[in-house]
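Under the working numbering, the very last position in the sequence shown is 272; numbers go up by exactly one each time.
We put the CB at the ideal spot given by N, CA and C, even for glycine.
Predicted model only: the values in this text are computed from it and were never measured.
All remarks here apply to the structure that follows.
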Amino acid sequence: MLLATDLDGTFLGGDPQDRLSLYQTITAHPDIQLAYVTGRSLEAVLPLLADPTLPQPDYIIADVGASLYHGETLLPIQPLQQHIETRWPGETVIAEAWRRIPSWSARMCRRHAAAPISARRNRPPTRP
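The structure is reproduced here in structure tokens:
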């Protein structure tokens with residue numbers, strides 16, 4: 145069985161006792177594969193992996209579905225990740241759209257140029 149769940153307000157939300165019961169059930173059943181599905185970047189998910197009460201995910205789907213990782217190694221899931229990168233124009237199209245909006249252009253392009261998603265994927269993450 146695969147349980148794919150959002151994090152914020154879903155897997156991390158609700159009553160603390162109910163959450164703990166769910167986490168213990170998942171951990172007690174190794175036949176349940178767990179996927180964290182989130183709008184967060186992988187870097188924003190990493191602190192959760194250090195929480196001993198949370199079950200460790202088999203997969204992490206991050207960046208609103210644009211990045212797919214193995215939960216244990218934190219490496220991209222290939223060939224799926226390459227397929228996404230090949231078909232999705234990503235930052236290039238977004239940056240061009242921002243450039244057409246004068247009041248936002250300089251501010252947004254500078255902000256996102258520091259760490260585009262493709263650059264983050266090319267360096268291996270480290271667990272906390």
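Would I205 and L186 be called neighbours here (beta carbons separated by less than 8 Å)? no
Cα-Cα separation, R163 to V181: 17 Å
To the nearest angstrom, how far is the alpha carbon of E229 from that of V189? 21 Å
Kindly indicate the opening and closing residues of the beta strand (DSSP E) around A179. 177–181
What would DSSP say about H214, mapped onto helix, strand or coil? strand
Could you pull the DSSP bridge partners for T154 from this structure? Paired residues: none, contrary to the question.
Looking only at its own chain, which residues have a Cβ that is under 7 Å from the Cβ of Q197, when we skip the five neighbours before and after it? Note on residue identity: the sequence assigns Thr, not Gln, to residue 197. Once the five neighbours on either side are set aside, the close Cβ partners of T197 are L164, Y167.
When P201, P174, I238, D195 are compared against T149, the one with the closest alpha-carbon: P201
Taking just the CA atoms, how far does P191 sit from D152? 14 Å
By the three-class DSSP mapping on this structure, what secondary structure does A148 have? strand
What residues in its chain sit with their C-beta under 6 Å from that of T154, if we drop five residues either side in the sequence? none
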